[in-house]
Amino acid sequence: MEEEIMGMMIGGLAIVCLFIGLPWVIFHYVTKWKTAATLTQSDEKLLDELHDAARRLDDRICSIERIMDAENPQWRQNCLPGRTESRRLLADEDLRHG
Amino acid sequence: MANLQPPSRTRFYRDKRNGKFLGVCSGIADYTGFDVTLVRVVLVAAIIMGSGAPLLLYFIAAFMTPDKPREFALADNEEREFWQNVRASPTRTARDIRSRLRDIDRRLADIESYVTTQNRSLAQEIEQLR
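Here the protein sequences line up with chains A and B, keeping their order.
Position in the first sequence (first residue = 1) + 39 = this note's numbering.
Just so it is clear: in the second sequence, position 126 is 115 by this note's numbering, and no numbers are missing.
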């Protein structure tokens, strides 16, 4: 008798878990995912434009730097007299890596 | 129904042009940035281990996802990498762009200060010659 009641309780618990608990958990994560990962169409366009602008500006400055290097290879050293050595080395490193 | 949505960079598409069969593997590779061969090997291993169930998932994925829009197929490597980063973390990509713009600003400041100080010294020399 007692075992039967226990069995029914376990069965009921399993049904509750399956039909209420599981969908609850799934929908909880679905709603969470839907609110978190949203990059709208305009966001995407904005990111694209920013990336493009950064790349173009980068190219332009690169060509200007090349011209100035051709004119005077030491111009980086002259540009800011108070600048520390490490900063200059960093800038040179940047230049070397493109 | 999926084709009615406007083409989006952050959507998952099949990549039939670079695909072997239906393009799901190359779509995954294009979406995440993993190597295509690696994705295929993993899929084959999963099919063998999972006794064919991943094959069903493959067909479901192929049925549900549209093919890659033509305007995205012509992306160069740099652009593809950029969008992979965006899918992984838009915040980090935005931060990357900001740091790039800061770098540009710094370099421009270098150029500006060089040009202005150079002209000033030139003006001083002319002044001295007079």
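Heads up, the beta-carbon is just placed ideally off N, CA and C, and yes, glycines get one too.
Per DSSP, residue i forms a beta bridge with which residues?
i	result
Asp56/B	Arg3/B
Compare the Cα-Cα distances from residue i to each of the options and report the closest residue.
i	options	result
Met23/A	Asp94/B, Tyr103/B, Ile86/B, Arg3/B	Because residue 23/A is not part of the residues shown, which for chain A are 40 to 137, the question remains open.
Gln73/B	Pro(-5)/B, Asp24/B, Gly8/B, Leu90/B	Asp24/B
Trp114/A	Leu46/B, Tyr20/B, Thr105/B, Ala18/B	Thr105/B
Ala64/B	Asp19/B, Phe48/B, Ala50/B, Asp94/B	Asp19/B
Pro(-4)/B	Arg29/B, Ala62/B, Tyr47/B, Glu68/B	Ala62/B
Thr26/B	Gly8/B, Tyr47/B, Gly41/B	Gly8/B
Pro79/B	Gly46/A, Thr79/A, Ile54/A	Thr79/A
Asn66/B	Gly16/B, Leu11/B, Gly22/B, Val13/B	Gly22/B
Ser15/B	Asp85/B, Tyr47/B, Gly41/B	Tyr47/B
Would you kindly report the start and end of the unbroken alpha helix (DSSP H) that includes residue i?
i	result
Met40/A	Unbroken run through Met40/A: none, as it is neither H nor E.
Gly156/B	Only positions -10 to 119 of chain B appear in this structure, which leaves residue 156/B out of reach.
Arg95/A	80 to 110
Ile37/B	25 to 38
The segment 85 to 100 of chain B contacting the segment 33 to 47 of chain B, beta-carbon criterion three pairs below 8 Å: no
Alpha helix (DSSP H) segments (min. 4 residues) lying fully within the segment 66 to 93 of chain B: 66 to 77
Contact between the segment 44 to 59 of chain B and the segment -8 to 12 of chain B (3+ Cβ pairs under 8 Å): yes
Three CB pairs or more closer than 8 Å across the segment 92 to 100 of chain A and the segment 84 to 91 of chain B: yes
The segment 71 to 85 of chain B contacting the segment 72 to 88 of chain A, beta-carbon criterion three pairs below 8 Å: Touching, per the Cβ criterion.
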